[in-house]
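Note that the protein sequences, when read in sequence, are chains A and B. For the first sequence, my numbering assigns the number 1 to the initial residue and increments by one for each residue that follows. For the second sequence, my numbering assigns the number 295 to the initial residue and increments by one for each residue that follows. Think of the CB as a built atom: it goes at the ideal place given N, C-alpha and C, for glycine as much as any other residue. Remember, predicted model here, so these are calculated numbers, not experimental data.
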Amino acid sequence: MTAALETSGLGKSYGAVTALGSLDLLIPKGMVYGVLGPNGAGKSTLVRMVLGLVAPSRGSFQLLGQSAIHASVLRRVGAMIEAPSLYPFLTAREMLQMAARMSGFREAGRVDAVLERVGLADASSRKARTFSMGMRQRLALGAALLARPELLILDEPTNGLDPAGIQDMRTLVRDLVEKDGVTIILSSHLLDEVEKVCDRVAILNKGALIAEGRVADLVSGRSAMFISASPIEKALASAGARARPQGDGLIVDISREEAPALIRALTGAGIDVFEARWLTQTLEDVFLSSTGAP
Amino acid sequence: MIGQAFGAELFKLSRNQWSLFWAFGFLPAFVLVAGIAEETLARTYVGDALPYANPVRYAYDGLGTMQPSIFQLFAILGAGILFAGEYRWETWRAILPRNERTAIMIAKLLLFALAAAASILACGLARWFVGLLDAALTGRADAQANSLIGLLTGFAGAFLQIMVTGALTMLTAVVSRSLMAAIVAPVMILVALDLSGLRFRLETGDPWLAALPNFAGRAIREAGLAFMGEPDAIGVHLAGPGAMAMAALTVLFAVTAIVLFRAQDLSRE
């Protein structure tokens, strides 16, 4: 099966500044793929290179199996990059009509269907300059969805949306993948959001890939256990460098397989163990520890 | 690709009505209103200076309305909106994945050419209407020989001159990525050309004057007048070289803009 996006040593530098180092990434089709990273990590640079807005300084990539990035490939991709870019003098309907003309896309009733799907049917005759941030976001999403893309690239899609809008967006993203077979690359700072909708994630930091994998694997791969024990000093010494104090106990970074041996060692050393429970690690924990953020 | 981009650009410009009016509609409206006001005032306070009027000559004068630098400002505004608008609204990223860079730029240039041609023609028609009004009140002058060729020549002179300015605006928009700079830089260049007009005269017939759009445009207008029987037309021999020079400048500016744009990183618009 062809990958939605495959990069090989892909990188971009602006003079002495490296926006993206040398990225090897394979994004399979048929899933929501999250791209995470702090500001300046290289997420937007990656997206802009893929869309032909920025030329790579090194490396190569294949988009939907094509290495030559031509409009015929890009027309199979819908994208919403950074802040919504809209013409202030066009209405919501006109914005979509213009996008359809530019793409050479013709399908009767499609504009109305998209306006309905993104919840802008009632505002279709209003100029984009009168829209709130959330409405602008919805319209930009509508423009990305218009030509029935195989691949959808969404950069911070929930910016400016209210809680109900965020829930709608989540549902829409999962529906697009599960019902319409669309592949989605989602870049976001909202880690909770990514954890809820993404199947796999890549974490970028300072232009480099520092973690990649299924969300479930990343979260479980760095498991930790809280142990309430006494005396605490003796327990800390027994658990070694992977333990740190926490309240009336300690947190130990261990895998599931190591847990029984650790508890046996503690009780064998005469330490009273009152409680031992797994700490559920969130994607935010993985992200913060991967990027070295405090 | 070019056809699709042209359709989208035309649709977009037609919906940007305020800009469309100021760039391409204001001048014809001004020519019409000012012409009617001029006729009314002249007839009221001065009387009829000439016992007859020639609407074709009025139309010819109208076709040249956009040629003076001050009136080219409107065309520069139109070109600025077309070529620098995407930088201003940060909308390149909304349209570039839907079409080819070269096709979009060519479509924009074709649309500018169409709008400029329509504006020039509308100025000619507006002035022709004023001429008809004058003729209805005072009597119509005899038709001149080769009026159609003269009118076409006058149109070509104005059109080529505006196209040079439009292509220059296109280039400055790409280089500067700024609407303000895309408007100000061509205006400054036109001012410099106007200053050259204070020093050099078309009457001298120096061949190199054909390379300057303001002189070339005027030479073509003079050629149009010569076709229409004007005995005192000057610098007519510079019309052909001037037309070629303006066409070459238009192509040079447009091709340079497209080449630069194709290589331009749009990390931010």
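- From the listed residues A/Ser13, A/Gly37, A/Ser8, A/Thr7, the smallest Cα separation to A/Ile210 is found for A/Gly37.
- Contact check for B/Gly451 against B/Arg515 passes: the beta carbons are separated by less than 8 Å.
- In the structure shown, the three-state DSSP call for A/Thr7 is strand.
- Judged by pairs of C-beta atoms under 8 Å, the region 281-290 of chain A does not touch the region 244-252 of chain A, as fewer than three such pairs exist.
- If you draw a straight line from the Cα of A/Asp253 to the Cα of A/His70, it is about 48 Å long.
- The continuous beta strand (DSSP E) containing A/Met80 extends over residues 77-80.
- A straight-line Cα-Cα distance of about 13 Å links A/Ala55 and B/Leu390.
- Listed along chain B, the residues sitting closer than 8 Å to A/Ile81 by beta-carbon distance are Arg387.
- Proximity of B/Arg337 to chain A, defined by a Cβ-Cβ separation below 8 Å, is not satisfied.
- Excluding the 5 residues flanking it on each side, A/Leu51 has same chain C-beta neighbours closer than 6 Å at Ala79, in chain order.
- The three-state secondary structure of B/Arg556, taken from DSSP, is helix.
- According to DSSP, B/Arg515 shares a beta bridge with no other residue.
- Below 8 Å, enough C-beta pairs join the region 354-361 of chain B and the region 418-434 of chain B to call them touching: three or more.
- Each of A/Val35, A/Ala99, A/Gly30, A/Ser85 was checked against the Cα of A/Lys179, and the nearest Cα belongs to A/Gly30.
- For chain B, the residues of the region 46-63 of chain A that bring a beta carbon within less than 8 Å of one of its beta carbons are Arg48, Leu51, Gly52, Leu53, Val54, Ala55, in chain order.
- Here the region 6-21 of chain A does not lie against the region 116-133 of chain A, with fewer than 3 beta-carbon pairs under 8 Å apart.
- In the DSSP secondary-structure assignment, A/Ala243 is bridged to A/Val252.
- As computed with DSSP, B/Arg434 is found in a beta bridge with B/Ala347.
- DSSP places A/Tyr14 within a strand segment (E or B) once states are collapsed to three.
- By the criterion of a C-beta distance shorter than 7 Å, B/Asn393 is surrounded in its chain by Met295, Gln298, Ala299, once the five residues flanking it on both sides are discounted.
- Residues of chain B with a Cβ closer than 7 Å to the Cβ of A/Gln97 are, in chain order, Phe305.
- Under the DSSP assignment, A/Asp272 falls in the beta strand (DSSP E) whose first and last residues are 272-279.
- Residue pairing by DSSP puts A/Arg214 in a beta bridge opposite A/Arg200.
- Look at A/Ala208 here: in three-state DSSP terms it is strand.
- Between B/Ala513 and B/Val530, the gap from beta carbon to beta carbon is short of 8 Å.
- Scanning chain A for C-beta atoms nearer than 8 Å to the C-beta of B/Leu560 yields Arg48, Leu53, Val54, reported in chain order.
- At a cut-off of 8 Å, the C-beta of A/Gly104 has a neighbouring C-beta in chain B.
- The count of Cβ pairs closer than 8 Å, one atom from the region 145-162 of chain A and one from the region 98-106 of chain A, reaches three, so the stretches are in contact.
- Contact between A/Phe61 and A/Ser124 is ruled out by a C-beta separation of about 37 Å, above the 8 Å threshold.
- Contact between the region 364-377 of chain B and the region 453-473 of chain B is present, with at least three C-beta pairs closer than 8 Å.
- Inclusion of A/Gly11 and A/Ser67 in the CB contact set at 8 Å is not warranted, their separation being larger than that value.
- An exposed status is given to B/Gln311, since fewer than 16 other beta-carbon atoms sit within 10 Å of its beta-carbon.
- Listed in chain order, the beta strand (DSSP E) elements of length 3 or more contained wholly in the region 369-439 of chain B amount to none.
- Assignment of beta-bridge partners to A/Asp155 by DSSP yields A/Ser187.
- With a threshold of 8 Å between beta carbons, B/Met399 makes no contact with chain A.
- When DSSP states are grouped into helix, strand and coil, A/Asp180 belongs to the coil group.
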